[in-house]
Amino acid sequence: MIDTSRFGPWAVVAGGSEGVGAAFADELARAGMNLVLIARTPGPLDETAAKARAHGVQVRTLALDLLAADAVAQIRTATSDLEVGLLIFNAGANSYGHEFVTGDLDGFRRVITLNIDRQLELAQHFGAPMKQRGRGGIVLLGSLAGYLGSEQQSVYAAAKAFSRVFAEGLWIELEPYGVHVVELVLGVTRTPAMQRAGLNLDLPGMLVAEPADVAREGLEHLTDGPVWVAGGNYEAARKRSGFPRADLVRSAARALRKLMNRP
Ligand SMILES: NC(=O)c1ccc[n+]([C@@H]2O[C@H](COP(=O)([O-])OP(=O)(O)OC[C@H]3O[C@@H](n4cnc5c(N)ncnc54)[C@H](OP(=O)(O)O)[C@@H]3O)[C@@H](O)[C@H]2O)c1
1384 MIDTSRFGPW AVVAGGSEGV GAAFADELAR AGMNLVLIAR TPGPLDETAA KARAHGVQVR
1444 TLALDLLAAD AVAQIRTATS DLEVGLLIFN AGANSYGHEF VTGDLDGFRR VITLNIDRQL
1504 ELAQHFGAPM KQRGRGGIVL LGSLAGYLGS EQQSVYAAAK AFSRVFAEGL WIELEPYGVH
1564 VVELVLGVTR TPAMQRAGLN LDLPGMLVAE PADVAREGLE HLTDGPVWVA GGNYEAARKR
1624 SGFPRADLVR SAARALRKLM NRP
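Right under this line is the structure:
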């Protein structure tokens, strides 16, 4: 169970209403951590908050779109009186998939704004006071997709690669100050967002993780950064990091077509 004296008393979960984000909220509330939960849709946000409060912790909810220009200003205001010892940047599943050259640049920009801009802004805003206090943790949600280029999700995959390399840099900068950074890399995980996207999660031999398991694993390995590959996907991540790139990219593309029910 997470040590609230090192990573508390408050945790901010950006994308904390459902799936892996809700599982983090549950796990942290059980450990006695107070929570700020952020997501767009108020219903699931309030439900997750109510479940967390049942463990006796304080919970603030912020129903906002992280893409909004004033999103970070709203988060700063809503947390200005709190000591935030843990940031979990979870929101960020691919929201726009398309062949790049014929795609909508604004759609791609939204993927970048959420996965890169907001991640950087919140990591700096909450990371600076953690460094001063000499304790804290930052968890960035990564993906196996971030290990190689992908058709129809070239920008998402590249954004996840950015996050992983950024996490490594942040880790080496903050480690001497007692602040732990980890890129928590997920493979296919049974979240509501994936189910809404209509992914074929029942392919034979496919590893599908449950949100509660990867959230628990991530918190257990918060001090094992800079990168922790969850859900038994370490070997897949290692293979995807190899050469020759053309073979790896083609074979991952075939697997992704099956997952997404594409010819
Ligand atoms: N599920 C998988 O198979 C899988 C695999 C690899 C990596 N991951 C990573 O794991 C993380 C979680 O993925 P997920 O499948 O649970 O989907 P997700 O769409 O990232 O949703 C996660 C949470 O973020 C919130 N959210 C999404 N967009 C938001 C926005 N613009 N503003 C504010 N909140 C937002 C969602 O609530 P609202 O929709 O109500 O805002 C939800 O609470 C992502 O970073 C994803 O890349 C997932």
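Residue numbers (our numbering): 1384 to 1646.
Even glycine gets a Cβ: it sits at the ideal position worked out from N, Cα and C.
Anticipated Cβ contact below 8 Å, residue i with residue j, distance rounded
i, j, result
"V1591", "I1521", "Not really, about 27 Å apart at Cβ, beyond 8 Å."
"V1403", "L1524", "7 Å"
"G1519", "V1455", "That pair is no contact at about 18 Å."
"L1450", "T1485", "Actually they do not touch by this definition, with Cβ atoms about 23 Å apart."
"G1415", "V1440", "6 Å"
"L1505", "L1531", "So it is not a contact: roughly 27 Å between Cβ atoms."
"L1586", "K1641", "6 Å"
"R1599", "E1410", "6 Å"
"L1582", "M1513", "Not a contact, Cβ separation roughly 35 Å."
"E1466", "W1393", "6 Å"
"A1620", "E1534", "Not quite, the Cβ-Cβ distance comes to about 20 Å (not below 8 Å), so this is no contact."
"D1429", "T1444", "6 Å"
"L1602", "I1385", "5 Å"
"A1405", "T1387", "The Cβ separation is near 19 Å, so there is no contact."
"A1461", "V1419", "7 Å"
Straight-line Cα distance separating residue j from residue i
i, j, result
"G1552", "Y1479", "27 Å"
"V1597", "R1516", "28 Å"
"G1625", "F1390", "35 Å"
"R1547", "E1566", "6 Å"
"G1615", "A1433", "31 Å"
"A1540", "E1482", "13 Å"
"D1500", "Q1457", "15 Å"
"F1509", "L1447", "18 Å"
"Q1536", "W1611", "23 Å"
"P1594", "V1568", "13 Å"
"A1397", "F1472", "5 Å"
"K1543", "A1474", "12 Å"
"R1645", "L1639", "8 Å"
"L1503", "A1511", "12 Å"
"P1559", "R1623", "30 Å"
"A1435", "R1628", "44 Å"
"F1545", "A1412", "30 Å"
"P1609", "L1557", "11 Å"
"L1488", "V1538", "10 Å"
"F1491", "N1477", "10 Å"
"S1634", "N1417", "44 Å"
"V1395", "I1421", "8 Å"
"A1408", "P1427", "12 Å"
"Y1617", "N1498", "22 Å"
"A1572", "G1529", "Note that residue 1572 corresponds to Thr in the displayed sequence, not to Ala. Near 15 Å, if we compare the C-alpha coordinates of G1529 and T1572."
"R1493", "R1423", "15 Å"
"W1606", "Q1578", "First, the amino acid is wrong: residue 1606 is Thr here, not Trp. Distance between the alpha carbons of T1606 and Q1578: 31 Å."
"G1570", "R1459", "31 Å"
"A1550", "H1604", "14 Å"
"Q1507", "G1468", "13 Å"
"V1438", "P1425", "Before going further, note that residue 1438 is His rather than Val in the sequence given. Going by the C-alpha atoms only, they are around 20 Å apart."
Residues that residue i bridges to, as DSSP identifies them
i, result
"G1520", "L1469, H1563"
"S1526", "L1569"
"R1443", "V1419"
"A1394", "L1418, L1469"
Extent of the continuous alpha helix (DSSP H) to which residue i belongs
i, result
"T1431", "1425-1436"
"A1540", "1537-1557"
"E1593", "Element bounds for E1593: n/a, residue is neither H nor E."
"G1402", "1402-1413"
"T1462", "1454-1462"
"R1645", "R1645 -> no alpha helix (DSSP H), and no H or E assigned at all."
"P1575", "1575-1579"
"A1620", "1617-1623"
Extent of the continuous beta strand (DSSP E) run through residue i
i, result
"V1612", "1610-1612"
Tell me the start and end of each unbroken alpha helix (DSSP H) in the segment 1472-1521 that is at least 4 residues and wholly inside, in chain order.
With a minimum length of 4 residues, the unbroken runs of alpha helix (DSSP H) contained wholly in the segment 1472-1521 fall at 1488-1495, 1502-1516.
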